[in-house]
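Start counting at 1 in the sequence shown, then tack on 91, and there's your number in this note's numbering.
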Amino acid sequence: MKLVGCILVAGVLGILAFISPIGWYALTAIIVGVIFRSFWLLKEIHQHIVPVDPYDGVKDAYERYILEREEREKQEQNG
Numbered sequence: 092m093k094l095v096g097c098i099l100v101a102g103v104l105g106i107l108a109f110i111s112p113i114g115w116y117a118l119t120a121i122i123v124g125v126i127f128r129s130f131w132l133l134k135e136i137h138q139h140i141v142p143v144d145p146y147d148g149v150k151d152a153y154e155r156y157i158l159e160r161e162e163r164e165k166q167e168q169n170g
């Protein structure tokens, strides 16, 4: 039943696209919606397939910088 409905909607939309600018607007809106939804689904699939790496190099570098800065401050205070 969905197939018949889709065929009828496509037929009406095709006729409207040839007759009036409203059909072009509806056709463009449907195409943009399909493209947007496709990219959204690809993003979700990518998030499920590619695991997040628990290693954060920036965080490690920042922590190392803080430790080195504290050691430098202690050395400057001691003499």
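Ideal placement from N, C-alpha and C gives every residue a C-beta, glycine not left out.
{"Query": "Extent of the continuous alpha helix (DSSP H) to which Y146 belongs", "Result": "Run containing Y146: none; DSSP gives neither H nor E here."}
{"Query": "Beta-carbon proximity check, A108 vs G102, cutoff 8 Å", "Result": "no"}
{"Query": "C-beta atoms of L94 and L104 nearer than 8 Å", "Result": "no"}
{"Query": "Reduced DSSP secondary structure (H/G/I, E/B, other) of S129", "Result": "helix"}
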